[in-house]
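Single-structure report; data block below.
Numbering (this note's numbering), first residue to last: 3 to 270.
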């Protein structure tokens, strides 16, 4: 999985009383998982669903979701993708030195790969649905309004997240930029020097900075998002696709076992 805060690591899982197998983290993480029915072959021309995981754009991984059952029962090709997270995925200096939205660009690259290669796995590149939950839903919504993703998918499902969530989109990168500068010791006044300084940081130093952020918002970068999604939606200046927008049943229900021990400690 991509570098991220320790919630998804073995140490983080132990703190929350979760049972998890060891999972390695690396900057070399831009892979995708493909699930197919047993009968799928090149030329099967099956519908394709591409899952984008959530996690506030700071954590998560493709293998959080096992697509094998969906592929088998619904006779589809299921793809789950990775993208860069935290400051490695969404830090921006507000200029050409670090435009930001790297994680979103990874998603675009994954969708381009699907267009070029999914037919070899039995999928139909002309029938691609993207779907995601929480920050994954925000990602799907952002891809819908982005000019960079036109033609890469044909339907969209947003589960408990859209591009207008204020914590996941920002008109300016200033807050994250300033906090990263303070934590890293890199000078914020010179964006080029700051980016070069950050590139010299070790993996451990970057992860230490990442720990501070519970969310890292995307930004209006002029390319992936030429304007704020609110403005793009209001003006209709995007290519719409048939979409489903809603919330999940039993939202965050998996977290209940983590909360119950706290009630016991409080005697409630």
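Just so you know, even glycine gets a beta-carbon here, dropped at the ideal spot from N, CA and C. Keep in mind that this is a model prediction, so the values were computed, not measured.
- In the three-state reduction of the DSSP assignment, residue 63 falls in the coil class, being assigned neither a helical nor a strand state.
- In this structure, the straight-line span from the alpha carbon of residue 162 to that of residue 143 is close to 11 Å.
- Distances from the CA of residue 158 to each of 243, 93 and 211 were compared; the closest alpha carbon is that of 243.
- When the five nearest sequence neighbours on each side are left out, the beta carbons in the same chain lying within less than 6 Å of the beta carbon of residue 226 are those of 103, 106, 148 and 150, in order along the chain.
- A Cβ-Cβ contact shorter than 8 Å links residue 92 with residue 218.
- Straight through space, the alpha carbons of residue 35 and residue 66 are spaced by roughly 11 Å.
- Relative to residue 40, the option among 180, 51 and 76 whose CA is nearest is 76.
- For residue 128, the enclosing beta strand (DSSP E) covers residues 125 to 135.
- The stretch 176 to 183 and the stretch 48 to 64 do not touch, with fewer than three beta-carbon pairs separated by less than 8 Å.
- Pairing residue 112 with residue 30, the inter-Cα distance amounts to about 14 Å.
- DSSP places residue 231 in the uninterrupted alpha helix (DSSP H) bounded by 231 to 237.
- Contact between residue 120 and residue 79 holds, since their C-beta atoms are separated by about 6 Å, short of 8 Å.
- When the beta-carbon positions are compared, residue 110 and residue 61 stay at least 8 Å from each other.
- Where residue 114 is concerned, the enclosing alpha helix (DSSP H) starts and stops at 104 to 119.
- Counting along the chain, residue 242 sits inside no beta strand (DSSP E), nor does DSSP assign it H or E at all.
- For residue 196, the enclosing alpha helix (DSSP H) begins and ends at 193 to 201.
- DSSP assignment within the stretch 24 to 107 yields the following whole beta strand (DSSP E) runs of 3 residues or more, N-terminal first: 34 to 37, 48 to 54 and 79 to 83.
- Within the same chain, Cβ atoms closer than 7 Å to the Cβ of residue 99 are found at 193, 194 and 197, the five residues on either side in sequence being excluded.
- In the DSSP secondary-structure assignment, residue 220 is bridged to 171.
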